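Sequential numbering of the sequence shown, starting at 67, is according to the numbering used here.
For glycine and all other residues, C-beta sits at the position ideal for the given N, C-alpha and C.
Please read these numbers as outputs of a predicted model, since none were measured by experiment.
Working notes, beginning with the structure itself.
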Amino acid sequence: MGSALCKREKIVDEVAEIANKTIEKELKKDRIQERKTIKVLLLGSADSGKSTIAKQMRILHAHGFNESELINYRYMIFTNMVVIYHHLCRGCQALNVPVNEDEQDLYEKFLNKHLKILDFLDDDIIVSLAQMRNSQFTKEGLKHVEKFYMPDNSLYLFANAHRILDQNYHPTEIDIIHARASTTGVYEIGFQFRNFYIRLIDVGGQKTERRKWIHCFENVTAVLFVTALSCYDQFLEEEPTKNCLEDSVELFNCMYNNEYLRKCNFILFLNKTDILERKVEHSSFSKYFPNYSEKEKYEEVRDYIKELFTEAEVDDTRHIYLHFTNATDRGNIDFVFGAACDIILQNNLNKAGMN
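Structure below.
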């Protein structure tokens with residue numbers, strides 16, 4: 067009787083030991099996987115280009131977009147076309163560009179944004195946009211386009227309007243990169259990068275969206291903060307007296323000094339170099355930043371903006387890793403994102419004592 071009891075106890079112990087070893091093996095596997103998972107929080111003000119970077123990563127590393135998404139982007143691009151013609155009409159109005167009587171109804175339709183994309187069939191959208199493209203006041207307005215605000219994707223859409231307005235239009239990957247829509251809520255993409263798994267978290271940059279950011283701060287490995295170099299002469303839609311670049315600097319300082327992010331790597335992408343290079347030729351930087359006393363040249367303005375951000379770097383134990391970027395240039399983003407990830411991975415290895 068006692069011998070049988072001992073045997074049963076031995077069997078129970080062996081089963082428990084096997085179960086414990088299995089659990090320990092799974093926990094070890096999870097710990098290894100956790101060390102190989104890099105959570106990157108993509109932050110920045112609205113219209114900084116961070117969502118464009120997220121789209122580039124999806125195309126480069128996560129199999130791109132499916133057919134239903136391409137259809138959605140078709141309508142998004144049509145919407146973008148309506149928006150740029152709306153801003154063109156507003157610019158024409160501000161400059162008193164004459165409008166022919168036979169084009170007055172079309173002009174007012176876009177000026178007042180009465181055209182709602184989803185209320186029209188494809189053919190109606192294409193006809194209205196084609197009429198705008200060929201109108202006399204559009205041709206006149208384009209002669210003065212540097213004198214008023216136009217969305218950053220305007221030049222691309224104007225240059226490709228003949229293709230976009232074709233009846234059989236199908237968005238390309240480059241079209242999708244240039245399509246614009248505000249990010250609301252939290253959007254995540256995951257992909258393998260070398261031997262690691264990257265979780266890239268993109269959150270809305272509008273002021274109303276920022277209160278949601280704190281919910282994403284847990285277990286963040288790195289913050290990738292994106293700002294638009296070209297926003298120095300623009301003001302927040304939610305707060306018309308607040309300069310966009312000043313807001314971005316303040317937001318960066320706030321995130322850099324946030325107690326929950328103090329152990330994170332900070333990567334700063336100073337984005338839209340291409341737009342800044344064009345803009346400084348006709349829009350004075352010192353008009354909006356009176357303390358600026360250097361030449362109104364691209365390199366000087368770019369470096370001054372860089373200093374506005376790196377002034378936050380007062381802690382000797384932390385470093386801001388900075389790159390100048392053009393988010394619509396796939397080669398540029400592929401290179402600088404790879405460089406940023408190398409920094410993140412190296413720092414992680416150093417912290418873990420694995421180097």
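In this structure, T394 lies away from Y215, with their beta-carbon atoms at least 9 Å apart. By the Cβ criterion, the stretch 300-316 is not in contact with the stretch 246-260, since fewer than three pairs of Cβ atoms, one from each stretch, lie closer than 8 Å. Inclusion of F203 and Y173 in the CB contact set at 9 Å is warranted, their separation being smaller than that value.
Annotated as proximal: P217 and I150, with beta-carbon spacing under 9 Å. Minimum Cα-Cα distance from E316 among the listed residues L388, T293, E167 corresponds to T293.
The stretch 319-374 is shown to contain whole alpha helix (DSSP H) runs of 4 or more residues at 339-345, in chain order.
Residue state for L290 is assigned as strand, using DSSP reduced to three classes. By the Cβ rule, the stretch 121-139 does not count as touching the stretch 159-172, because fewer than three pairs are nearer than 8 Å. Classified as buried, C330 has 16 or more neighbouring CB atoms from the shown chains inside 10 Å of its CB. Rounded to the nearest angstrom, the gap between the Cα atoms of N337 and E167 is 42 Å. Under the 10 Å beta carbon count, A247 is surrounded by fewer than 16 other beta carbons and is classified as exposed. Cα atoms of N219 and H244: separation of roughly 6 Å, rounded to the nearest angstrom. The Cβ neighbour count for V193, taken over all protein chains shown within 10 Å, is under 16; the residue is labelled exposed. Separation of the CB atoms of R368 and L290 is rounded to 19 Å, and the pair is thereby denied contact status at 8 Å. Within the stretch 102-184, the complete alpha helix (DSSP H) segments of 4 residues or longer fall at 116-127, 133-160, 170-177, listed in chain order. The Cβ neighbour count for C320, taken over all protein chains shown within 10 Å, is under 16; the residue is labelled exposed.
Under the 10 Å beta carbon count, K209 is surrounded by fewer than 16 other beta carbons and is classified as exposed. For Y298, there is no enclosing beta strand (DSSP E), since its DSSP letter is neither H nor E. Where G207 is concerned, the enclosing alpha helix (DSSP H) starts and stops at 202-208. In the structure shown, the three-state DSSP call for F257 is strand. Taking C-alpha positions only, T249 is separated from E366 by approximately 32 Å. Bounds of any alpha helix (DSSP H) do not take in D268; it lies within the beta strand (DSSP E) bounded by 262-269.
Restricting attention to I242, M123, K361, L302, the CA atom closest to the CA of V346 is found in K361.
Proximity to N178 across A196, L327, L154, W279 peaks at L154, based on C-alpha coordinates. According to the DSSP assignment, Y387 belongs to the beta strand (DSSP E) that extends over 386-390. Judged by beta-carbon spacing, A196 lies within the 9 Å limit of L231, meaning their Cβ atoms are closer than that value. For I409, the closest C-alpha among the options F332, Y358, G397 is that of F332. About 5 Å separates the beta carbons of D299 and S349, which is inside the 8 Å limit, making them a contact pair. As the crow flies, the alpha-carbon of V211 is around 22 Å from that of N392. The beta carbon of G130 sits closer than 8 Å to the beta carbons of R124, E239 from its chain, once the five residues preceding and following it are set aside; these are given in chain order. By the neighbour-count criterion, in which a residue is buried when 16 or more other Cβ atoms sit within 10 angstroms of its Cβ, Y326 is exposed. For F351, the CB contacts under 7 Å within the same chain, skipping 5 residues up- and downstream, are Y298, Y358, E362, V367 in chain order. Looking at the DSSP output, N309 bridges to F301.
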